[in-house]
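Following: one structure in structure tokens, then a few remarks.
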Amino acid sequence: MFDKNSRYKDLPLTYREDARGRVVAVVPVPEAPQQTLRGYHLLKQGQRVDHLANAYLQNPTGFWRICELNDAMWPEAITEKAEIAIPNR
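Numbering (this note's numbering), first residue to last: 33 to 121.
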């Protein structure tokens, strides 16, 4: 179900019934990783978090690590900040 590099791949699925009576798989939220701060990036208009992840972490799919360090649920929430905390690789 998940990529071999996903932080969700080893988490146990649970099953719940939704409002329409369907049984759906639910993935728990994984624990936040321990990260150290590399520094701060001054955000410019139009910059995207996946591009920053590629530039700083050499992994565009690592955008979630930047979100996690900035306490943001969605990448779009970070675009409201002037400075973005960047984790070490």
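Idealized CB from N, CA, C, for every residue including glycine. Note that the coordinates shown come from a computational prediction; the quantities given were computed from them, not determined experimentally.
Residue span of the beta strand (DSSP E) that contains residue i, given as start and end
i	result
residue 58	55-58
residue 48	46-49
CB of residue i within 8 Å of CB of residue j, strictly
i	j	result
residue 72	residue 117	yes
residue 59	residue 43	yes
residue 119	residue 67	yes
residue 47	residue 62	no
Three-state secondary structure (DSSP) of residue i
i	result
residue 71	strand
residue 117	strand
residue 39	coil
residue 96	helix
residue 81	helix
residue 86	helix
Residue i classed as buried or exposed, judged by whether at least 16 other C-beta atoms fall within 10 angstroms
i	result
residue 95	buried
residue 101	buried
residue 87	exposed
residue 81	buried
Span of the alpha helix (DSSP H), counted from its first residue to its last, around residue i
i	result
residue 102	Note, residue 102: premise wrong, no alpha helix (DSSP H); not H, not E.
residue 64	Where residue 64 is concerned, there is no enclosing alpha helix (DSSP H), given that its DSSP letter is neither H nor E.
residue 108	107-110
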